[in-house]
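**Student:** Chain order of the listed sequences is S and W.
Just add 45 to the spot in the first sequence (first one is 1) and you have the numbering used here.
Just add 61 to the spot in the second sequence (first one is 1) and you have the numbering used here.
Glycine residues also receive a C-beta, built at the ideal position from the N, C-alpha and C atoms.
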Amino acid sequence: MLKNYFKLTLRHLLKYRTYSFINIAGLAVGMTCCILILLYVRDEQRYDRFHERAERIFRLTLSTENDEQPTNANTSFAQGPALAADFPEVEAVVRFRKMGWGEKRVFAHDDNRFYEERFFFADKNVFEVFSFPFLRGNPQTALAEPFSIVITEAMSQKYFGHDNPLGETISLDPYNDGEFSDYKITGVLKNLPHYSHIKFDFLASFASQKDLAVMEGRRGWGLESAFTYVLLKPDVSVASVQANLPAFLERHVGKEHWYSLHLQPLTEIRLHSKLRAELEPNGDIAYVYIFSAIAVFILLIACINFMNLATAQSAQRTKEVGMRKVVGAVRAELVKQFLIESICLSLFALIIAFILIEASLPLLNNIVGKQIEIAYANNWPFVATMLGLALLTGVVAGSYPAFFLSASRPIESLTGKTSGGKKAAAVLRKGLVIFQFAISVILVVCTTVVYYQMQYIRHKNLGFERDTIIVAPLNDQIRHSYRAAKQALLQNSNLLAMTATEQVPAKAGNGAGYTVEGLDEPQGLTRFFADQDFLKTYGIGIAAGRDFDEKISTDAAGAFLVNEAFVRMAEWKSPAEAIGRNITMSHGGQAYPGKIVGVVKDFNISSFRETVWPLVINVMPMDKLNFISFRLARQNVTETLEYLSSAWSKFAPSYPFDYYFLDDDFARLHQADQQLGRVFQTFAFLAIGIACLGLFGLAAFTAERRTKEIGVRKVLGATVTNVVGLLSKDFVKLVLWANLIAWPVAWYAMNRWLQDFAYRINIGLWTFVLSGGIALLIALTTVSFQTIKAALANPVESLRYE
Amino acid sequence: MIQLKSLFKYYSNKFVKTYVLQDINLQIQQGEFVTIMGPSGSGKSTLLHIIGMLDEPNDGEYHFFDQPVHKLNEKQRSELHKNYIGFVFQSYHLIDELTVYENLETPLLYQKVKTTERKSMIADILDRFQIVAKKDLFPNQLSGGHQQLVGIARAVIVNPKLILADEPTGNLNSAQGEEIMNLFKKLHQEGTTIIQVTHSEKNATYGSRIVHLLDGRVDRDVQVS
Chain S
46 MLKNYFKLTL
56 RHLLKYRTYS
66 FINIAGLAVG
76 MTCCILILLY
86 VRDEQRYDRF
96 HERAERIFRL
106 TLSTENDEQP
116 TNANTSFAQG
126 PALAADFPEV
136 EAVVRFRKMG
146 WGEKRVFAHD
156 DNRFYEERFF
166 FADKNVFEVF
176 SFPFLRGNPQ
186 TALAEPFSIV
196 ITEAMSQKYF
206 GHDNPLGETI
216 SLDPYNDGEF
226 SDYKITGVLK
236 NLPHYSHIKF
246 DFLASFASQK
256 DLAVMEGRRG
266 WGLESAFTYV
276 LLKPDVSVAS
286 VQANLPAFLE
296 RHVGKEHWYS
306 LHLQPLTEIR
316 LHSKLRAELE
326 PNGDIAYVYI
336 FSAIAVFILL
346 IACINFMNLA
356 TAQSAQRTKE
366 VGMRKVVGAV
376 RAELVKQFLI
386 ESICLSLFAL
396 IIAFILIEAS
406 LPLLNNIVGK
416 QIEIAYANNW
426 PFVATMLGLA
436 LLTGVVAGSY
446 PAFFLSASRP
456 IESLTGKTSG
466 GKKAAAVLRK
476 GLVIFQFAIS
486 VILVVCTTVV
496 YYQMQYIRHK
506 NLGFERDTII
516 VAPLNDQIRH
526 SYRAAKQALL
536 QNSNLLAMTA
546 TEQVPAKAGN
556 GAGYTVEGLD
566 EPQGLTRFFA
576 DQDFLKTYGI
586 GIAAGRDFDE
596 KISTDAAGAF
606 LVNEAFVRMA
616 EWKSPAEAIG
626 RNITMSHGGQ
636 AYPGKIVGVV
646 KDFNISSFRE
656 TVWPLVINVM
666 PMDKLNFISF
676 RLARQNVTET
686 LEYLSSAWSK
696 FAPSYPFDYY
706 FLDDDFARLH
716 QADQQLGRVF
726 QTFAFLAIGI
736 ACLGLFGLAA
746 FTAERRTKEI
756 GVRKVLGATV
766 TNVVGLLSKD
776 FVKLVLWANL
786 IAWPVAWYAM
796 NRWLQDFAYR
806 INIGLWTFVL
816 SGGIALLIAL
826 TTVSFQTIKA
836 ALANPVESLR
846 YE
Chain W
62 MIQLKSLFKY
72 YSNKFVKTYV
82 LQDINLQIQQ
92 GEFVTIMGPS
102 GSGKSTLLHI
112 IGMLDEPNDG
122 EYHFFDQPVH
132 KLNEKQRSEL
142 HKNYIGFVFQ
152 SYHLIDELTV
162 YENLETPLLY
172 QKVKTTERKS
182 MIADILDRFQ
192 IVAKKDLFPN
202 QLSGGHQQLV
212 GIARAVIVNP
222 KLILADEPTG
232 NLNSAQGEEI
242 MNLFKKLHQE
252 GTTIIQVTHS
262 EKNATYGSRI
272 VHLLDGRVDR
282 DVQVS
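#1: Buried or exposed: where does threonine 54 of chain S fall if 16 or more other Cβ atoms within 10 Å of its Cβ makes it buried?
#2: May I have the straight-line CA-CA distance separating proline 638 of chain S from threonine 629 of chain S, to the nearest angstrom?
#3: Tell whether a beta-carbon distance below 8 angstroms holds between tyrosine 527 of chain S and valine 151 of chain S.
#4: Quick one: using the 10 Å Cβ neighbour count with 16 as the cut-off for buried, is tryptophan 788 of chain S buried or exposed?
#5: Have a look at W/Leu68, W/Leu141, W/Thr259, W/Asp227 and flag the residue whose alpha-carbon is nearest the alpha-carbon of tyrosine 153 of chain W.
#6: Would glycine 508 of chain S and aspartate 647 of chain S qualify as a contact pair, given that the criterion is a beta-carbon distance under 8 angstroms?
#7: So what does methionine 543 of chain S bridge to, in DSSP terms?
#8: Which first and last residues belong to the beta strand (DSSP E) in which glutamine 64 of chain W is found?
#9: Between the alpha carbons of lysine 246 of chain W and asparagine 144 of chain W, how many angstroms are there, rounded?
#10: Aspartate 576 of chain S: which of S/Gly590, S/Ala601, S/Tyr559 sits nearest, CA to CA?
#11: Using a cut-off of 9 angstroms between C-beta atoms, extract the partners of histidine 57 of chain S located in chain W.
#12: Just the Cα atoms here: how many angstroms apart are alanine 678 of chain S and asparagine 539 of chain S?
#13: How close, in whole Å, do the beta carbons of leucine 256 of chain S and aspartate 521 of chain S come, if the pair is a contact with beta carbons under 8 angstroms?
#14: Secondary structure at tyrosine 705 of chain S, three-state DSSP: helix, strand or coil?
#15: Examine chain W for any beta-carbon lying closer than 8 angstroms to the beta-carbon of glycine 465 of chain S, and answer yes or no.
#16: Taking a Cβ distance cut-off of 9 angstroms, strictly less, list which residues of the stretch 355-388 of chain S are near chain W, in chain order.
#17: Rounded to a whole number of angstroms, what is the C-alpha to C-alpha distance between leucine 233 of chain W and asparagine 201 of chain W?
#18: List, in order along the chain, the chain A residues whose C-beta lies closer than 9 angstroms to that of leucine 53 of chain S?
#19: From tyrosine 50 of chain S to valine 814 of chain S, what distance separates their C-alpha atoms?
#20: Grab the span of the alpha helix (DSSP H) containing lysine 48 of chain S for me, first residue to last.
#21: Would a C-beta distance cut-off of 8 angstroms place glycine 569 of chain S and isoleucine 650 of chain S closer than the cut-off?
#22: Could you tell me whether any Cβ in chain S is nearer than 8 angstroms to the Cβ of proline 129 of chain W?
#23: For phenylalanine 103 of chain S, which residues does DSSP report across the bridge?
#24: On the DSSP bridge assignment, give the partners of asparagine 663 of chain S in chain order.
#25: Where does the unbroken beta strand (DSSP E) through histidine 142 of chain W begin, and where does it stop?
#26: Please classify aspartate 600 of chain S: does DSSP put it in a helix, a strand, or coil?
#27: Only counting the same chain, and skipping five residues up and downstream in sequence, which positions put a Cβ closer than 7 angstroms to that of glycine 465 of chain S?
#28: I'd like the list of long-range same chain contacts for methionine 665 of chain S, defined as Cβ closer than 6 angstroms, with 5 residues on each side in sequence excluded.
#29: Identify which residue in W/Asn86, W/Arg138, W/Lys70, W/Met114 has its Cα closest to the Cα of threonine 79 of chain W.
#30: Mapping DSSP to helix, strand and coil, what is serine 464 of chain S?
#31: Count the C-beta pairs between the stretch 241-251 of chain S and the stretch 165-172 of chain S that are closer than 8 angstroms, then say yes if the count reaches three, no if not.
#32: Mind listing which residues of the stretch 83-112 of chain W have their C-beta closer than 7 angstroms to chain S's C-betas, in chain order?
#33: Measuring only between beta-carbons, confirm whether isoleucine 861 of chain S sits less than 8 angstroms from chain W.
#34: Closer than 8 angstroms by beta-carbon distance: list the chain W residues that pair up with proline 455 of chain S, in chain order.
#35: Since tyrosine 591 of chain S and valine 642 of chain S are thought to touch, with beta carbons under 8 angstroms apart, how far apart are those beta carbons, to the nearest angstrom?
#36: Do you know whose CA, among W/Tyr162, W/Glu178, W/Ser73, lies nearest phenylalanine 190 of chain W's CA?
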């Protein structure tokens with residue numbers, strides 16, 4: 046019996062090649078999308094779960110606003126050890142220290158000298174808590190000694206080639222102050238998987254830090270670049286530890302602590318955490334849901350094609366059904382036959398889907414910035430999931446034809462009488478087509494909105510010239526000879542200006558406390574340390590007062606600039622009101638008094654999701670500054686960069702020239718949104734493609750079914766245009782209905798998305814009209830192939846057999 | 062074997078009932094070869110379909126052997142139909158995607174006949190109908206006569222007690238038609254009950270009894286000598 050079904054399926058496929066192609070291609074593409082998205086979702090969900098004790102590891106987070114929700118991913122150096130000492134529930138505590146924010150550090154071994162970014166100091170018990178797999182060395186003792194360092198396989202390759210690096214030394218300048226020290230390599234790790242939220246290439250022992258005493262002492266209970274992870278003992282409730290944290294803080298910091306502590310599960314960091322100072326931009330559970338929904342919808346669109354074509358084809362199939370009933374089939378057997386047929390088809394589609402997946406996986410990885418691979422060998426859960434998917438698809442796609450067709454009464458199907466069921470089938474078919482196009486239109490609208498928002502971000506005026514600025518890390522050798530270097534470098538006429546700053550736009554901002562004349566309370570605001578050339582280099586405008594001036598000696602210590610947002614915050618009537626007010630900054634336990642000499646126009650230093658916040662700029666000595674920015678002329682950029690590189694090596698022989706374009710860094714801030722845009726674009730395209738495949742089939746069917754009508758109409762004098770119009774009208778109606786459903790849904794969804802941006806576009810009606818128009822045009826074009834063919838046919842042909 | 066008591070069949074179209082069969086009373090014994098005749102629209106085919114359990118009467122009783130068919134549910138009816146009745150159609154109604162062999166195999170599959178037995182039964186019937194050479198051809202590769210031969214073979218293969226034939230020679234030329242009718246005659250002689258619907262007087266002479274229908278009623282019921 047089964048053999049008989051398979052044979053029949055195969056012959057049926059071959060006989061109706063067009064329909065088979067549409068069905069299989071649609072299902073295969075639908076499955077490809079679905080599986081790719083599943084892979085992406087699974088990848089997001091497996092973040093940090095490779096650690097054996099992942100379920101018991103928590104990150105200590107901190108809330109500066111003293112409410113229940115944590116605000117910062119970072120803590121300081123003393124909370125961790127105190128926690129381990131005070132709580133019997135805590136098995137171990139590990140601290141990571143990140144050096145600088147995006148400022149790279151130089152690593153050197155012999156002539157191999159590179160800037161590296163993925164570098165931490167970590168407590169010696171780090172490998173007891175986290176399961177980073179070792180290739181060489183002993184995890185227990187690797188970081189026990191000061192000046193020992195564990196590196197990854199890739200770094201071992203990069204610095205030592207094929208040699209065993211254990212026991213070798215690598216030299217680095219962790220504080221970027223010109224002081225190099227030698228670290229002994231005590232372990233080599235496998236390269237870290239991309240699904241770890243802590244990513245590093247180098248892990249140095251915590252005891253190597255020269256400022257450890259200060260950091261654990263005076264600054265130990267503040268907010269520093271330390272990340273604390275707590276391993277709880279088995280069967281310990283987090284809630285009970287959490288409940289005792291306020292008392293713990295009171296014991297150590299006193300009654301008036303300005304923050305609260307929280308424990309965050311390690312496995313929730315990737316998808317549920319959006320704190321300040323995250324180690325890397327995290328994923329978002331909302332995107333996981335959105336993508337999953339898209340996956341389901343696309344597969345559904347493909348299934349709908351299958352159902353629609355099967356019911357449309359039922360004229361041919363009902364005869365067979367009737368025949369089988371006459372020779373003795375009961376309904377259950379027919380249902381089985383149709384389901385087997387559709388499952389065969391979906392298995393076939395699955396095979397094709399895997400070819401497509403192998404071909405398109407690099408593209409997906411490129412879009413989402415991951416290295417997802419499929420491990421086929423011995424991956425039974427995966428194989429089972431895939432077969433399950435095919436089975437489910439087959440059953441969903443085949444269910445309607447199976448139950449619909451098998452229910453037909455044999456005598457009606459054999460004599461070709463119409464029954465009420467056909468009308469219901471036609472209504473359902475229309476409903477399904479509307480559904481398909483509604484989804485497609487929603488995706489098109491989303492694509493358009495995301496695209497225009499991204500365009501807007503790319504071209505919005507940041508308040509400074511971002512496209513000609515390159516940024517390089519400052520180092521001690523340059524610091525010492527800054528004046529000479531500046532004079533020498535600016536000889537090149539293509540180097541227009543340069544400035545040294547503590548931070549650069551697009552990187553996280555640091556804060557300081559400010560007491561301002563005319564404001565009652567001290568303010569915690571974003572600080573911006575720079576030299577006198579900052580505004581000139583970045584091309585930032587002045588709203589009132591003046592820029593820093595090298596000729597005015599007091600500027601080096603007592604001049605402050607604020608931005609327009611500051612003026613608005615202070616509720617002063619005009620920027621001019623700010624000029625001349627006294628201001629005192631407290632930073633690192635020191636007071637810096639001075640006067641406001643100017644107000645700068647607002648400029649963005651962070652993503653467009655944030656409004657421009659109040660900012661204070663002042664000149665600080667070289668040792669507080671970390672970056673150097675150059676403004677290049679627009680022409681001869683390559684030559685200028687070459688020139689810079691060679692000139693650089695004269696002033697800083699120990700530090701390679703490493704730079705990036707500021708524009709790229711801004712783009713990176715919106716990477717997740719860009720990805721969303723590209724995902725929408727890809728899947729909107731595919732959804733429309735699949736829906737149109739179905740429409741193509743349906744149009745063919747309609748044209749076929751109405752051959753006689755078309756013949757009669759032509760005999761009565763209808764022109765080709767009349768007939769094409771007649772046949773297209775129904776489809777146009779469906780697509781219009783789909784638009785009606787899609788617009789409000791898309792509007793709501795995209796409005797929600799845009800709410801997250803402080804700077805955003807308005808969604809105009811034209812977006813919807815355009816998207817709907819595109820869908821309609823594509824649908825009409827698809828249908829026209831069939832309708833024109835039908836309209837051009839000779840009416841005599843169609844009427845001869847009646 | 063078959064007993065029909067005051068059988069009615071009508072189609073309701075909003076307020077109007079169109080009667081197809083009115084008060085049919087008919088008894089058919091096992092071993093008869095009955096021909097149903099009558100002008101177009103007199104209800105011949107409908108009657109045949111009701112007897113074949115492919116259609117249901119609106120009113121009246123239908124007894125098949127001892128079973129009250131009008132009281133059975135669909136499953137029981139199709140069980141009865143499957144085991145006792147073979148159907149032959151004017152337009153053959155073979156499954157286009159299956160070969161002759163597979164078409165013959167289909168009813169056996171539904172009766173869950175074992176593989177080896179199935180093979181011998183098909184071999185036997187192919188031999189009996191002299192279509193062994195055609196077994197791997199598809200229906201559209203056969204002449205009309207041969208298609209109908211396969212149609213009858215498919216009806217006969219399960220050894221039905223009753224064969225119902227709806228204008229079996231309607232699409233055939235006279236030589237082919239004669240061949241088919243001789244086949245029916247032979248089957249009748251071997252003991253199968255046959256009911257045929259036809260327009261052809263000549264075909265009617267092969268049977269033992271002619272029932273004339275007119276406007277949904279039995280007009281005349283005559284024995285053929």
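**Tutor:** Let me spell this out:
#1: Buried, because 16 or more other Cβ atoms sit within 10 Å of the Cβ of threonine 54 of chain S.
#2: Each residue's Cα considered, the two are about 4 angstroms apart.
#3: It is not a contact, given that the beta carbons lie outside the stated cut-off.
#4: Buried is the call here.
#5: Out of W/Leu68, W/Leu141, W/Thr259, W/Asp227, W/Asp227 has the C-alpha closest to the C-alpha of tyrosine 153 of chain W.
#6: Pairing glycine 508 of chain S with aspartate 647 of chain S gives a Cβ-Cβ distance under 8 angstroms.
#7: For methionine 543 of chain S, which the question treats as bridged, DSSP gives the partners S/Phe675.
#8: In the DSSP assignment, glutamine 64 of chain W falls within the unbroken beta strand (DSSP E) covering 63-74.
#9: Using only the alpha carbons, I get a separation of about 22 angstroms.
#10: Of the residues S/Gly590, S/Ala601, S/Tyr559, the one whose Cα lies closest to the Cα of aspartate 576 of chain S is S/Ala601.
#11: Chain W residues near histidine 57 of chain S: Glu158.
#12: The alpha-carbon atoms of alanine 678 of chain S and asparagine 539 of chain S are separated by roughly 5 angstroms.
#13: A small correction: the amino acid at residue 256 of chain S is aspartate; leucine does not occupy that position in the sequence shown. Taking C-beta atoms under 8 angstroms as the contact rule, aspartate 256 of chain S and aspartate 521 of chain S fail to qualify, at a distance of about 16 angstroms.
#14: In the structure shown, tyrosine 705 of chain S falls within a strand segment according to DSSP collapsed to helix, strand and coil.
#15: Note that glycine 465 of chain S scores 48 on pLDDT, short of 50, meaning its location in the model is unreliable; the coordinates nonetheless yield the value given after this. No, its Cβ sits nowhere closer than 8 angstroms to a Cβ of chain W.
#16: For the stretch 355-388 of chain S, which is checked against every Cβ of chain W, the residues closer than 9 angstroms are Gln361, Lys364, Glu365, Gly367, Met368, Arg369, Lys370, Val371, Val372, Gly373, Ala374, Val375, Arg376, Glu378.
#17: Cα to Cα, the separation comes out at about 15 angstroms.
#18: Any reference to chain A falls outside this structure, whose protein chains are S and W.
#19: Between tyrosine 50 of chain S and valine 814 of chain S, the C-alpha separation is close to 48 angstroms.
#20: Going by DSSP, lysine 48 of chain S is part of the alpha helix (DSSP H) stretching over 47-60.
#21: Taking 8 angstroms as the Cβ cut-off, glycine 569 of chain S and isoleucine 650 of chain S do not qualify as a contacting pair.
#22: The beta-carbon of proline 129 of chain W is placed no less than 8 angstroms from the nearest beta-carbon of chain S.
#23: Answer is S/Val275, S/Pro310, bridged to phenylalanine 103 of chain S.
#24: The partner list for asparagine 663 of chain S (beta bridge, DSSP) reads S/Phe574, S/Phe605.
#25: First-last for histidine 142 of chain W: 135-145, but that is the alpha helix (DSSP H), not the beta strand (DSSP E).
#26: Note: aspartate 600 of chain S maps to helix in three-state DSSP.
#27: Annotation note: pLDDT 48 at glycine 465 of chain S (below 50); position unreliable, coordinate value reported separately. Closer than 7 angstroms at Cβ, skipping near neighbours: no residue.
#28: By the criterion of a C-beta distance shorter than 6 angstroms, methionine 665 of chain S is surrounded in its chain by Phe574, once the five residues flanking it on both sides are discounted.
#29: For the residues W/Asn86, W/Arg138, W/Lys70, W/Met114, the minimum Cα distance to threonine 79 of chain W belongs to W/Lys70.
#30: Residue confidence is low: serine 464 of chain S scores 49 on pLDDT, short of 50, so the model does not pin down where it sits. No coordinate-derived value is stated.
#31: The stretch 241-251 of chain S is in contact with the stretch 165-172 of chain S.
#32: Along the stretch 83-112 of chain W, going in chain order, the ones with a CB nearer than 7 angstroms to a CB of chain S are His110.
#33: The question about residue 861 of chain S has no answer, for chain S in this structure spans 46 to 847.
#34: Residues of chain W passing the Cβ test: Leu115.
#35: Residue identity differs from the one stated: residue 591 of chain S is arginine in this sequence, not tyrosine. Contact flag correct, Cβ pair sits at about 6 angstroms.
#36: It is W/Tyr162.
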